[in-house]
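S.K.:
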Amino acid sequence: MADAVQHETHGFQTEVKQLLQLMIHSLYSNKEIFLRELISNAADAADKLRFNALSNDALYENDGHLRVRLSFDKDAGTLTISDNGIGMTKDEVITHLGTIAKSGTAEFFSKLSGDQAKDSQLIGQFGVGFYSAFIVADKVTVRTRKAGEAASEGVEWISEGEGEFAVATIEKATRGTDIILHLRDDEKEFLDDWRLKSIVTKYSDHISIPVETWKEEVPESEGEDGEKIEAVPGEWQTINKATALWSRDKSEISEDEYKEFYKHISHDFGDPLSWSHNKVEGKNEYTSLLYIPAKAPFDLWNRDQAHGLKLYVQRVFIMDDAEQFMPVYLRFVKGLLDSNDLPLNVSREILQDNKVTQAMRQACTKKVLQMLERIAKNDAEKYQGFWSEFGNVLKEGPAEDFANKEKVAGLLRFASTNEDSSAQTVSLADYIERMKEGQDKIYYVTADSYEAAKNSPHLEIFKKKGIEVLLMSDRIDEWLMSHLTEFNEKSFQSITRGALDLGDLEDEESKKAQEEAEQEVAGLTDRIKEALGDKVKDVKFSHRLTDSPACVVADEFGMTTQMKKLMEAAGQAVPDMKYDLEVNPEHALIKVMAHVQDEEQFAKWANVILDQASLTEQGNLKDPAVFVKQLNSLLIDLAK
Numbered sequence: 001m002a003d004a005v006q007h008e009t010h011g012f013q014t015e016v017k018q019l020l021q022l023m024i025h026s027l028y029s030n031k032e033i034f035l036r037e038l039i040s041n042a043a044d045a046a047d048k049l050r051f052n053a054l055s056n057d058a059l060y061e062n063d064g065h066l067r068v069r070l071s072f073d074k075d076a077g078t079l080t081i082s083d084n085g086i087g088m089t090k091d092e093v094i095t096h097l098g099t100i101a102k103s104g105t106a107e108f109f110s111k112l113s114g115d116q117a118k119d120s121q122l123i124g125q126f127g128v129g130f131y132s133a134f135i136v137a138d139k140v141t142v143r144t145r146k147a148g149e150a151a152s153e154g155v156e157w158i159s160e161g162e163g164e165f166a167v168a169t170i171e172k173a174t175r176g177t178d179i180i181l182h183l184r185d186d187e188k189e190f191l192d193d194w195r196l197k198s199i200v201t202k203y204s205d206h207i208s209i210p211v212e213t214w215k216e217e218v219p220e221s222e223g224e225d226g227e228k229i230e231a232v233p234g235e236w237q238t239i240n241k242a243t244a245l246w247s248r249d250k251s252e253i254s255e256d257e258y259k260e261f262y263k264h265i266s267h268d269f270g271d272p273l274s275w276s277h278n279k280v281e282g283k284n285e286y287t288s289l290l291y292i293p294a295k296a297p298f299d300l301w302n303r304d305q306a307h308g309l310k311l312y313v314q315r316v317f318i319m320d321d322a323e324q325f326m327p328v329y330l331r332f333v334k335g336l337l338d339s340n341d342l343p344l345n346v347s348r349e350i351l352q353d354n355k356v357t358q359a360m361r362q363a364c365t366k367k368v369l370q371m372l373e374r375i376a377k378n379d380a381e382k383y384q385g386f387w388s389e390f391g392n393v394l395k396e397g398p399a400e401d402f403a404n405k406e407k408v409a410g411l412l413r414f415a416s417t418n419e420d421s422s423a424q425t426v427s428l429a430d431y432i433e434r435m436k437e438g439q440d441k442i443y444y445v446t447a448d449s450y451e452a453a454k455n456s457p458h459l460e461i462f463k464k465k466g467i468e469v470l471l472m473s474d475r476i477d478e479w480l481m482s483h484l485t486e487f488n489e490k491s492f493q494s495i496t497r498g499a500l501d502l503g504d505l506e507d508e509e510s511k512k513a514q515e516e517a518e519q520e521v522a523g524l525t526d527r528i529k530e531a532l533g534d535k536v537k538d539v540k541f542s543h544r545l546t547d548s549p550a551c552v553v554a555d556e557f558g559m560t561t562q563m564k565k566l567m568e569a570a571g572q573a574v575p576d577m578k579y580d581l582e583v584n585p586e587h588a589l590i591k592v593m594a595h596v597q598d599e600e601q602f603a604k605w606a607n608v609i610l611d612q613a614s615l616t617e618q619g620n621l622k623d624p625a626v627f628v629k630q631l632n633s634l635l636i637d638l639a640k
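All residue numbers for the sequence shown refer to this note's numbering, where the first residue is 1 and numbers rise by one.
(1) Could you pull out every unbroken beta strand (DSSP E) segment of at least 3 residues lying fully inside the segment 488-568, listed in chain order?
(2) Give me the Cα-Cα distance between D353 and K310, rounded to the nearest whole angstrom.
(3) Since A531 and F602 are thought to touch, with beta carbons under 8 Å apart, how far apart are those beta carbons, to the nearest angstrom?
(4) Do the CB positions of E586 and K540 come within less than 7 Å of each other?
(5) Short of 7 Å in beta carbon distance, which residues of its chain neighbour K188, apart from the five on each side in sequence? Order them along the chain.
(6) By DSSP, does H96 sit in helix, in strand, or in coil?
(7) Is G154 closer than 7 Å to I170 when the C-beta atoms are compared?
(8) Hey, how far is the Cα of T365 from the Cα of L344?
(9) Go ahead and label L20 buried or exposed: buried means 16 or more other beta carbons lie within 10 angstroms of its beta carbon, across all protein chains shown.
(10) Between which two residues does the beta strand (DSSP E) holding S251 run?
(11) Going by alpha carbons, who is nearest to S132 out of E516, R145, I39?
(12) Am I right that D83 and A45 are in contact with their C-beta atoms under 8 Å? What's the rounded C-beta distance?
(13) Flag this pair as touching only if the segment 253-261 and the segment 280-287 have three or more C-beta atom pairs under 8 Å; answer yes or no.
(14) CB K367 to CB S276, shorter than 7 Å?
(15) Between A147, K334, N41, T213, which has its C-alpha nearest G271's C-alpha?
(16) Comparing alpha-carbon positions, which option in M577, D547, F557, N607 lies nearest A588?
(17) Expressed to the nearest angstrom, what Euclidean distance is found between the alpha-carbon atoms of E515 and S456?
(18) Does the beta-carbon distance from E162 to R69 come in below 7 Å?
(19) Alpha carbon to alpha carbon, how far is K578 from L615?
(20) Helix or strand or just coil, what does DSSP make of W301?
(21) Counting C-beta neighbours from all protein chains within 10 Å, is the total for S473 16 or more, i.e. buried, or is it exposed?
(22) Going by CA-CA distance only, name the one from Q370, E235, H543 that's closest to E460.
(23) On the DSSP letters alone, give me the boundaries of the beta strand (DSSP E) that K334 sits inside.
(24) Under a Cβ-count criterion, where at least 16 other Cβ atoms within 10 Å of its own Cβ denotes burial, should R434 be classed as buried or exposed?
(25) Might you give, ordered along the chain, the residues of its own chain that have their beta carbon closer than 6 Å to the beta carbon of A101, omitting 5 neighbours on each side?
(26) Could you tell me which of A573, P549, K622 sits nearest to A606, measuring between CA atoms?
(27) Quick one: what's R145 bridged to in DSSP?
(28) For L411 and V536, I'd like the C-alpha separation in whole angstroms.
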């Protein structure tokens, strides 16, 4: 048939070519997973047909027994995986088999190292699906027809996994897809009935439709006593349980079965971090099976990427990526819901405002947060692994989920001055437990990097008094703290914003020393304010500095320099902001300034001090050339 039709030749997307070569080499030690991937795709095709047939029963074409069939031809060296699911049109074949429709592709390839063991793990995170066929085959033929289309609308796709693939229109009497693998000479182990059954039992026992192999005919024979034994005709036999795993009792399901089912629905090669299987009865009846992955996918940061749970109604597949059941900040969660209360013809629009949907969403969210709380409590190292993968996504939670704000906040982790490491290991509960007597606020600082936060001049008084400060350097942190105002009845206080009030933590001796230092340079703040004009909002003496001459401070409810940079990076217009300049009256440089009589030279000092403080706080200056020029001028004056 292949020779009798006219094929069109197409080039693979560049990323597909790279992925094919990587898989053939990096995944060779785990090559049997190709069968799991292809069977999973076939099961998905069956699910989609069942859903579409709800509104158009004719799509079954008088064949409602959905199944996957495995067959092989030892003489030809081929293994065929056939399904009678939804099938594909020509355009769908070119799109699905010629491109990788996945965001994060560029990042994925940038992380490849050439180390087969490491690259294998990355490929597992990225997901490969159909392309895994080339792990064992040097040529793949796909014959498919979309359900409901004429037999003449069949499509044949052929590729040797190199630079090109060929597509042609063919006759195909039955709907669905046949994938014919032309196995390499050293992969003929898969042309064995026992080998195929063992792989299916290991990886695909939980598939909800039958996976069948052909049982050969047993000819008529004669027993030892001469009794005639009748012939047994050949037949297709089911080799998996063919029962929806989530519908079974938890006590009947092994850990390995749960793990393999996760790999089936997520196309992840690794085991999940944790899972929760629940059957809910009462006002709303449904089953949920939720998984927390161990590794983040490459499209995690694309909030618009399809995410959500697989939705079934009475074990009938309805849709992938039902985002209505999981908040965006938990978009990494994989799994499914099977409802008895939703209608079979439910749409995304109906789900949006459905009370049953809202109740299930709340319950699923609560269940995921409980899983994370349990891990954090019982296995800190395991939770730290989760945090390194998904922590920044979880930080979106307090702004998006008011009802669970306190729970999400309890799961957050930060670096702090109490730890000599950039690792984010400190929980808010840890911080509160270590708070000094008389301390009523949770202090934090935001910066561009851990180093910038750790060395912020705003920390000086806190270090001197031994008060712990949370160090926040992720881009999302400033946005997070604009929504997270308190935890466990303790309010948050940015040490870079507003007047510093340490309350009961301030001692009389320090206050007296500050007053004496201010008197020594009395009138200095007014002179600096006059010299700087409208470059600053105000100039004040600082009680937060011990080693630095000055710092810039935002208003209590004003926009911090970090928030300003965050909005500018997002392309939003930000008005020109003015900040307070706080000077340290006890610093030698400030004392030198106080004795400068030449107002022109004093103005240079004032501008240099402001630029220094701005550079420390923001990491950049509007006009660094002017700063350097004025600094050089002062150095020359001092050298005379």
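Ideal Cβ placement from N, Cα and C applies to all residues, glycine included. Since we're looking at a predicted model, the values are computed, not measured.
M.R.: Based on what the coordinates show:
(1) 490-494, 538-541, 550-553
(2) 18 Å
(3) 6 Å
(4) no
(5) G77
(6) helix
(7) yes
(8) 24 Å
(9) buried
(10) Note, S251: premise wrong, no beta strand (DSSP E); not H, not E.
(11) I39
(12) 5 Å
(13) no
(14) yes
(15) Before going on, a small fix: residue 271 reads as Asp here, not Gly. Comparing Cα-Cα distances from D271 to each of A147, K334, N41, T213, the minimum goes to K334.
(16) D547
(17) 24 Å
(18) no
(19) 15 Å
(20) coil
(21) buried
(22) H543
(23) 334-339
(24) exposed
(25) Only weak support exists for where A101 lies, its pLDDT of 49 falling under 50; the value from the coordinates is given anyway. Closer than 6 Å at Cβ, skipping near neighbours: no residue.
(26) P549
(27) G176
(28) 39 Å
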